[in-house]
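K.L.:
Protein chains in written order, with the working numbering: chain A, 134 to 287; chain B, 720 to 1060; chain C, 361 to 758.
Note that the Cβ used here is the ideal one computed from N, Cα and C, for glycine as well.
Keep in mind the model is a prediction, meaning the values are calculated, not measured.
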Amino acid sequence: MAQIPGIGLVKGLWSTLKALFKKPVTIMWPDEKELITPRARGVIALDIENCTSCMLCSRECPDWCIYIEAHKVEMEPSKPGGRVRTKNILDRFDIDYGLCMYCGICVEVCPFDALYWSPDYEYSEYKISNLLHDKERLTDWLATVPDPPALEKS
Amino acid sequence: MIVAAVPFALWLAIKAVVVLGAMLGVALVLIYAELKWSAHIQSRVGPWYVGGRWGWAHPLAEAVKFLQKEDLVPDAADDKVFRLAPYVMIAGTFATFVVIPIGPSVVARNLDPGIFYLLAISSLSTLGILMAGWSSGNKYSLIGGVRAGAQLIAYELPLVLALVAVAIQAGTLSLSGIVSAQAQTLFTVGSVDISLPFVLSGQIIGFMVFLIASLAELNRTPFDLPLAESELTMGYLTEYSGLRFTMFFLGEYAGMVSMAAVISTVYLGGYWMPGLSENILDWAGPFILLAKIFFVLFLYIWFRWTWPRVREDQLQSLAWKWLIPLTLFNIVATATLKVVF
Amino acid sequence: MTQLDKRGLVEVSDGGVSIELKGETMTLNIGPQHPSTHGVLRLVAEVDGERIAKLEPAIGYMHRGKEKLAEARTYAQITALINRIDWVSGFANEVAFIRAVEKLMGVEPTPRAQMIRLILTELTRISNHLVFASSYPLELGAATPLMWAFREREHIMDVIESLTGGRFHPNFNRVGGVKPAAGGGKTQKKVSLDLPSGFYAAVENAMDRAVVACDELDQLVTGNEIVQARAKGVGIISYDDAVAYGISGPNARASGVNFDLRTQEDDLLPYAGLDFDVITRDSGDSFDRYLVRILEIRESIKIVRQAIGSVPSGPLQAKVPRVLKVPPGTVYVRAENPKGEMGYYIVSQGGRMPYRVKIRSASFSNISILSKVAVGQLIPDLVATMGSLDFVLGDVDR
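1) Run down chain A in chain order and give the residues with a C-beta less than 7 Å from the C-beta of V928/B.
2) How many Å lie between V158/A and E936/B at the Cα?
3) Does K166/A have its Cβ less than 8 Å from a Cβ in chain B?
4) So that I know if they touch, is there some Cβ in chain C lying closer than 8 Å to that of K755/B?
5) Taking all protein chains shown into account, do 16 or more other C-beta atoms lie within 10 angstroms of the C-beta of T547/C, making it buried, or fewer, making it exposed?
6) Our contact map puts L878/B next to F929/B with C-beta atoms below 8 Å; I'd like the distance itself, whole angstroms only.
7) Who are the Cβ neighbours of T640/C in its own chain at under 8 Å, not counting the five residues just before and after it?
8) With a Cβ-Cβ cutoff of 8 Å, do I160/A and E167/A count as a contact?
9) Does DSSP classify R192/A as helix, strand or coil?
10) So, with DSSP's three-state summary, where would you put V400/C?
11) Are there 16 or more other CB atoms within 10 angstroms of the CB of F751/C, so buried, or fewer, so exposed?
12) For G139/A and chain B, any beta-carbon pair shorter than 8 Å?
13) Using a C-beta to C-beta distance shorter than 9 Å, which residues of chain B count as neighbours of P157/A?
14) Taking only the alpha-carbon atoms, compute the straight-line gap between W147/A and D831/B and give it to the nearest angstrom.
15) Counting only runs that start and end within the segment 186-238 of chain A, where is the alpha helix (DSSP H) found for 4 or more residues in a row?
16) CA-CA distance, L1007/B and S899/B?
17) For chain C, is any of its Cβ atoms less than 8 Å away from the one on S949/B?
18) Between I412/C and the rest of its own chain, which residues show a CB-CB distance below 8 Å, the 5 nearest in sequence each way excluded?
19) Report buried or exposed for R658/C, applying the criterion of at least 16 other Cβ atoms within 10 angstroms of its Cβ.
20) So what does DSSP say about N726/C, is it helix, strand or coil?
21) Comparing alpha-carbon positions, which option in I1020/B, T1025/B, W1021/B and S983/B lies nearest A1010/B?
22) Where does T504/C land, buried or exposed, given buried means 16+ other C-beta within 10 angstroms?
23) Is it right to say S949/B is buried, meaning 16 or more other beta carbons lie within 10 angstroms of its own, or is it exposed?
24) I want to verify the contact list: residues of chain D whose CB lies under 7 Å from the CB of G145/A, in sequence order.
25) Is L265/A helix, strand or coil when you go by DSSP?
26) Taking the alpha-carbon positions, what's the W508/C to A979/B distance?
27) Going by C-alpha distance, which of V400/C, L464/C and T385/C is nearest M713/C?
28) Mind pulling the chain A residues with CB within less than 7 Å of G525/C?
29) Does the segment 873-889 of chain B touch the segment 1043-1058 of chain B, meaning 3 or more C-beta pairs lie closer than 8 Å?
30) Smallest Cα separation from N611/C: which of Q624/C, T387/C and I596/C?
31) Could you tell me whether the Cβ of M386/C comes closer than 8 Å to any Cβ of chain B?
32) Could you pull out every residue in the same chain whose Cβ sits closer than 8 Å to the Cβ of T582/C, ignoring the five residues on either side in sequence?
33) Roughly how many angstroms lie between the CA atoms of A667/C and I586/C, to the nearest whole one?
34) Which residues in the same chain as I486/C place their Cβ atom closer than 7 Å to its Cβ, once the five residues preceding and following it in sequence are excluded?
35) Which stretch, first to last residue, makes up the alpha helix (DSSP H) that contains W508/C?
36) If we call anything under 8 Å between Cβ atoms a contact, is D757/C one with H423/C?
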């Protein structure tokens, strides 16, 4: 590799010297923030109207970090004389982000599009118990869900 | 100057305080320079927030942080030696500043055997490191301390021999004398007297050898095996915390400054710059010397962040098989040229 | 190499410089918390001065029980878990597992999905080798290459994130292909997870940056005399040892074993249509292991550039039922993880969960050679050898 003994060392010095005069690549958070891709898995948002508490997400989660409680409510039949319809009202829908693996299985298996990914990542807490997001907080995250990106033309 | 009016003891105290203060100040600036330069080499920013702008107060914050840490002495440690080791190391480093000339008549003490004193007293820091490694009561520290001792002893010889050649060329051992010898004109071009620092007038081999040997004396990469962080978690410094660690830390950087000062004085011409008369040099001398010191410090930092570590036995063979024969050849060549010209 | 002298009393070593009397050895415990053991590896070493007389690795500090967990999880959940085995190369862990399940079910992945899998696998291979190539000089003492390589690696991570949503743990493989949409349900609001716009340009840019990283590393590290002096002739693994101890991946290829599962198992991913070389070297020392990986980065860059020019169009996933029930059977599929050969042996008795999953991880076999190769080395040499084997403890302990 080296013809003259020591030339490798000198070349290394030269490359370090060049790097000294280039601009650093640091992004100075919190003054500057980098652009996150829309598909990044930051936090899960809940759309309560779509959720029918079918419990699929809670069952499929590898860590079982989703806690769902719901009760049934009877509603009037759609036509007079029809059968009584029931509807599930969500009492509790918590996701424990201390356990969550960010794998996305819950978002994927939900048949009713009630869960969405949002790339927001700045929700650290001082107490671990505050990492349990209840359904109000999960609904707030819905505002940060971005539009899906355009697809590549083949 | 005002020497006669002030008693000797007071003058001594003032000199001691000035030397200590200047050294600490330069060491702190050096710490900041290393953090910033190494950061930019690595495409990072380095200290930014401390002190409001560019992070200039970072070394001060680090010093305060270290001072308020808990001071631990391990159970298995040899108590007295453990406590004494950092101070021995730092005393050896501080004492070298006494002889460095900052201006034509500004020097803390112009000793006649200047170089001799310098080399003798800087070996005291080796003793401090060995004491630290032995007394920590920790296998890793022992290995680190013994490695350091072997390395420092091996590299003392090229250091001394390189300076012997300088002494031959200058004709004197005193550092102020060496600077004046570099100020003398070598030859004239037209009507301009040219005088060259020793690095350009025949001591280039000595300069290279001294640079490498001083890197080894300071335990800096590529010779920082005693402090090999990725292998022995801080080597002989593992058990130190709080004030004592600060002493070691500052001692390392002060040692860098002192070696850089020695190189600047002996090889690069010290406080002297061509074309300036003695009066200007009295107050401009310190700045010129500082600029040369920072050039050498830049070389140290540049080498550290580019090259990996050299292994123990390769380090020893480099010293004994390569550097010492080179310096002996350098001495012979210098003496021959001095006699001939 | 040490040998006894004629009287049998003194060990004379090869350099001729050191003559050591046989004395007592000191037991030195390297790890589990140690900056250069790539994780929580504990090495119980008996050292004589600085030479190692005996070395015994003690593993298990990172055991997370993946194989036991797999007995109580469905296949989709297991896919999310096994991303974390070799956490530096996230996507490559899933490929063999999903192929094994596909073989049991008799499902063929779609061509588009196969090519996307190949692109992602090669991207993680580049990313993994960049991590290695920059942390190896860090163990030898140079801190700068680490920052430079990670700077270029960010581009690759961004590309993977823009497609799958995760940087290290993409969780993108599904039986029959890759994840087609963010959900699979009755409503029409599903978001397709096909290649986002700008993907090809981003990949090209990331590859250009990776070439820059390779060149910088070459200039700073590969030609550096100190690195060569530290790594050449250190930790030599012979061809027979490599085969006998089950070493695979770039470690084996550096010892002359021409074994690359990308060219040998051709039903795994479509490497057959692409043009690349398998890099081998002869001497099996640490420097060759480093060199093989640096050259493999360049080969992978070539592969990715060819692959993105030839991605077939079509669906992302074959038709599989919503609730996966795998028919009974056993299968073993292995793939070329960036660290070596990674294999999954699945025993299924019907049902949604497997009966047994056995994971053959690359690093577990790779570090088995440490106790043989480390005898007689100095401690800094041990660090150089360990670094060149490129293992992570998640891969060793699972």
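P.N.:
Answer, in terms of the structure:
1) Indexing the second sequence from 1 puts residue 928/B at position 209. In chain order: nothing, as chain A lies at least about 14 Å away.
2) In the first sequence, the residue the question calls residue 158/A occupies position 25. In the second sequence, the residue the question calls residue 936/B occupies position 217. V158/A and E936/B: Cα-Cα distance of roughly 35 Å.
3) Taking the first sequence and counting its residues from 1, one reaches residue 166/A at position 33. With 8 Å as the cut-off, K166/A does not count as an interface residue toward chain B.
4) Reading the second sequence from its first residue, position 36 is the one you call residue 755/B. Answer no: the Cβ-Cβ gap between K755/B and chain C never drops below 8 Å.
5) Locating residue 547/C in the third sequence gives position 187, where the first residue counts as 1. Because the pLDDT at T547/C is just 45, under 50, the model does not fix this residue reliably, and the value given afterwards should be weighed accordingly. The residue in question, T547/C, is exposed, as its Cβ has fewer than 16 Cβ neighbours within 10 Å.
6) Locating residue 878/B in the second sequence gives position 159, where the first residue counts as 1. Locating residue 929/B in the second sequence gives position 210, where the first residue counts as 1. Between F929/B and L878/B the Cβ distance is about 6 Å, and since that is below 8 Å, they are a contact.
7) Taking the third sequence and counting its residues from 1, the one referred to as residue 640/C is at position 280. Closer than 8 Å at Cβ, skipping near neighbours: R613, A614, G616, V617, N618 and V652.
8) Here residue 160/A refers to the residue found at position 27 when the first sequence is read from its first residue. Here residue 167/A refers to the residue found at position 34 when the first sequence is read from its first residue. In this structure, E167/A lies closer than 8 Å to I160/A by Cβ.
9) What you label residue 192/A is simply residue 59 of the first sequence in a count that begins at 1. DSSP places R192/A in helix when its eight states are reduced to three.
10) Within the third sequence, the letter at position 40 stands for residue 400/C. If DSSP states are grouped into helix, strand and coil, V400/C belongs with coil.
11) Counted from its first residue, the third sequence places residue 751/C at position 391. Answer is buried; the Cβ neighbour count reaches 16.
12) Taking the first residue of the first sequence as 1, we reach residue 139/A at position 6. For G139/A, the answer is no, since every Cβ of chain B falls outside 8 Å of its Cβ.
13) Locating residue 157/A in the first sequence gives position 24, where the first residue counts as 1. Going along chain B in sequence order, the residues near P157/A (Cβ under 9 Å) are A758, H759, Q761, S762, R763, V764 and G765.
14) Along the first sequence, read from residue 1 onward, the residue named residue 147/A stands at position 14. Along the second sequence, read from residue 1 onward, the residue named residue 831/B stands at position 112. W147/A and D831/B: Cα-Cα distance of roughly 41 Å.
15) 189-193
16) Looking up residue 1007/B in the second sequence gives position 288. Looking up residue 899/B in the second sequence gives position 180. As written in the sequence, residue 1007/B is Ile, which differs from the Leu given in the question. Answer to the nearest angstrom: the Cα atoms are 15 Å apart.
17) As a first step, residue 949/B is located in the second sequence; it is residue number 230 there, counting from the start. Note that S949/B scores a pLDDT of 43, beneath 50, so its modelled location is shaky and nothing firm can be said.
18) As a position in the third sequence, residue 412/C is number 52, starting the count at 1. A405, E406, A734, V735, G736, Q737, L738, I739 and L742, listed in sequence order.
19) As a position in the third sequence, residue 658/C is number 298, starting the count at 1. Its Cβ being crowded by 16 or more others within 10 Å, R658/C is buried.
20) For the purposes of this step, residue 726/C is taken as residue 366 along the third sequence, with counting starting at 1. DSSP places N726/C in helix when its eight states are reduced to three.
21) Start at 1 with the first residue of the second sequence, and residue 1010/B comes out as number 291. Selected option, being the one with the closest Cα: S983/B.
22) For this step, residue 504/C is matched to residue 144 along the third sequence. The residue in question, T504/C, is buried, as its Cβ has 16 or more Cβ neighbours within 10 Å.
23) By 1-based counting over the second sequence, the position of residue 949/B is 230. Reliability of the predicted coordinates at S949/B is poor, the pLDDT of 43 falling under 50, and the value obtained from them is presented with this limitation in mind. That one is buried.
24) Of the protein chains in this structure, namely A, B and C, none is chain D.
25) Against the first sequence, residue 265/A aligns to sequence position 132. In this structure, L265/A counts as strand in the three-state DSSP scheme.
26) Here the question's residue 508/C lines up with position 148 in the third sequence. Here the question's residue 979/B lines up with position 260 in the second sequence. Rounded to whole angstroms, W508/C to A979/B spans 29 Å at the Cα level.
27) Residue mapping note: residue 713/C aligns to position 353 of the third sequence, counting from 1. For the residues V400/C, L464/C and T385/C, the minimum Cα distance to M713/C belongs to L464/C.
28) The residue given as residue 525/C occupies position 165 in the third sequence. Going along chain A in sequence order, the residues near G525/C (Cβ under 7 Å) are R172, A173, R174, G237 and W250.
29) yes
30) Here residue 611/C corresponds to residue number 251 of the third sequence, with the count starting at 1. Here the closest residue by C-alpha is I596/C.
31) Here residue 386/C refers to the residue found at position 26 when the third sequence is read from its first residue. Yes, M386/C lies at the interface with chain B (some Cβ there is under 8 Å from its Cβ).
32) As a working note, residue 582/C is residue 222 in the third sequence. Closer than 8 Å at Cβ, skipping near neighbours: Y650, L651 and I654.
33) As a working mapping, residue 667/C is identified with position 307 in the third sequence. As a working mapping, residue 586/C is identified with position 226 in the third sequence. Approximately 38 Å, taken between the alpha carbons.
34) Within the third sequence, the letter at position 126 stands for residue 486/C. I516, A570, I657, S660 and I661.
35) By one-based count along the third sequence, residue 508/C stands at place 148. W508/C -> alpha helix (DSSP H) spans T504 to T524.
36) Start at 1 with the first residue of the third sequence, and residue 757/C comes out as number 397. Start at 1 with the first residue of the third sequence, and residue 423/C comes out as number 63. Yes; because the gap between Cβ atoms is below 8 Å, this pair is in contact.
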